[in-house]
C-alpha cells in the first residue's frame, strides 16, 4: 500500500542539487531500453552502459530512452551531465517522493508523475515514481522498476507507418502521459468494484475486517487524490506553455488529456464520498445488529418478569394451615401443574402479543 507520507529524505542537510536516491530500491540492476526511429525506420535495443545513449542527443531521428531503476545515482548523473540537465532536476528524478510537477527550461521540459497500477496478486493499488525529460529530438524517461503501462505506446511506435505524429517528441510525451492517465482509470475501475462489493458485505454481515477494508480504501483514495490533483496543473501548464518544444498540433491532444484528468479527479471525489458512506453504513449496520440483540434480550426479560413475579409469590413461606386465606391453592392436589399452566399461559400470551406487534 502506498504511504501517505514518505520517510524523511536522505538528502536533508545536503546542498540543493545533491543527487541522492530517496525511496525503496525495487530492481537489482539498472535497465536501459532505447527506441530510435524516424517516419519509416526503427531501431530498438537494450544497452549495457549509459554511454551508449550519448550519441542520440544530436541525431535527426527521435529517440526514447527509458531507464528502469533510480537507485543508481551515477547513471542519473551521467545522463544529466551529457544532456545538460540542471542538478535540481537530477535531484527530483532520484527522489521517489517527488510531487507531480512541470519544470521548464529553454532546452528541455521536465515532468514528474505518479504511475498507479493494481497489484495482480491482491488487487491493491501500487504507486511508482515516473519522470521524463522532453528535448528537441528525444524523450528520456525514468522509472523505479521494470514493467509499466507503456506497452500500447511501444506497439504504436513499432506498428504505425508512417510515424508522422511520433516525429515530435512532445507527442511521444503526450502518449506517455495519456497511458499514465489510462492507468488511473483502470485503478479506479478496480476501486469501484471493491467499493460495490463492500456495500454488499456491510448490508449483509459487517465484520471488524470490513472496517479495516474501508480504511484501506480511504487511504488509497487519499493517496490517489494526492497524486492526481497536481497532474491537472501539469497538463494544463503544458498545454498553455509557449515553447518551441510544444507544437500547436499537440495542444489539442493535451486539452483532451486535461479533460481526462478532470474526469479522474471527479471520479476520485465521488469514490471518496462513497467510502465515507460505507463508514456510515458500517456504523449503522453494527448499531442495528446491537439493537436487534437488545430487543431480543428485552423481550426475553419482559416475558420472564411476570413469571418471576409468580415464582416469587408462591415461593413465600406462608403456612396454609393458619387460615383459609394463606395461599389455599398450595394445598390443591394439582397446584404445581396449575402454576406451570399459568406460567405458560402468561408467557405464551406475551409472545403472541409481541408477534402481532411485529416486535419479534
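In our numbering, the protein residues as written are 17 to 376. Ideal placement from N, C-alpha and C gives every residue a C-beta, glycine not left out. Because the structure is a prediction, the values reported are computed rather than measured.
Separation of residue j from residue i, as counted between CA atoms
i: residue 146; j: residue 98; result: 21 Å
i: residue 9; j: residue 117; result: Examination of residue 9 is not possible in this model, given that the chain is present from 17 through 376 alone.
i: residue 245; j: residue 236; result: 14 Å
i: residue 283; j: residue 375; result: 42 Å
i: residue 184; j: residue 263; result: 8 Å
i: residue 370; j: residue 321; result: 15 Å
i: residue 22; j: residue 113; result: At residue 22, the pLDDT of 49 sits below 50, so the modelled position is not reliable; the number obtained from the coordinates is stated separately. Going by the C-alpha atoms only, they are around 6 Å apart.
i: residue 327; j: residue 318; result: 15 Å
i: residue 302; j: residue 90; result: 56 Å
i: residue 45; j: residue 93; result: 16 Å
i: residue 365; j: residue 229; result: 46 Å
i: residue 360; j: residue 349; result: 19 Å
i: residue 182; j: residue 227; result: 48 Å
i: residue 278; j: residue 197; result: 10 Å
i: residue 270; j: residue 41; result: 33 Å
i: residue 24; j: residue 144; result: A caution first: residue 24 carries a pLDDT of 45, below 50, which makes its placement in the model too unreliable to give a value.
Beta strand (DSSP E) segment containing residue i, residue limits
i: residue 356; result: Segment 351-372 is the alpha helix (DSSP H) holding residue 356; no beta strand (DSSP E) there.
i: residue 91; result: Premise fails: residue 91 lies in the alpha helix (DSSP H), 89-98, not in any beta strand (DSSP E).
i: residue 144; result: 141-150
i: residue 42; result: First-last for residue 42: undefined, no H or E at that position.
i: residue 131; result: 125-134
i: residue 156; result: 154-159
i: residue 118; result: 117-120
i: residue 81; result: 78-84
i: residue 63; result: 58-63
Element boundaries [alpha helix (DSSP H), containing residue i]
i: residue 304; result: 264-330
i: residue 229; result: 224-256
Closest residue to residue i among the options (Cα-Cα distance)
i: residue 382; options: 153, 241, 109 and 140; result: Shown here, the chain extends from 17 to 376; a query on residue 382 therefore has no answer.
i: residue 265; options: 186, 228 and 194; result: 186
i: residue 126; options: 137, 112, 102 and 134; result: 102
i: residue 298; options: 348, 277, 218 and 291; result: 218
i: residue 305; options: 331, 287, 222 and 362; result: 222
i: residue 202; options: 133, 160 and 189; result: 133
i: residue 74; options: 343, 155 and 363; result: 155
i: residue 260; options: 120, 35 and 68; result: 120
i: residue 280; options: 248, 307, 367 and 256; result: 248
i: residue 291; options: 212, 315, 157 and 278; result: 212
i: residue 286; options: 300, 163, 33 and 234; result: 234
i: residue 175; options: 358, 54 and 323; result: 54
i: residue 140; options: 65, 150 and 205; result: 205
Beta-carbon spacing of residue i, residue j below 8 Å
i: residue 47; j: residue 60; result: no
i: residue 199; j: residue 165; result: yes
i: residue 273; j: residue 171; result: no
i: residue 50; j: residue 95; result: no
i: residue 56; j: residue 168; result: no
i: residue 86; j: residue 148; result: no
i: residue 38; j: residue 110; result: yes
i: residue 78; j: residue 188; result: yes
i: residue 35; j: residue 106; result: yes
i: residue 312; j: residue 162; result: no
Rounded distance between the beta-carbons of residue j and residue i, thought under 8 Å
i: residue 294; j: residue 214; result: 6 Å
i: residue 84; j: residue 159; result: 5 Å
Residue i beta carbon near the ligand PLP (any heavy atom closer than 7 Å)
i: residue 32; result: Because no ligand of any kind appears in the structure shown, any question about the ligand PLP cannot be addressed here.
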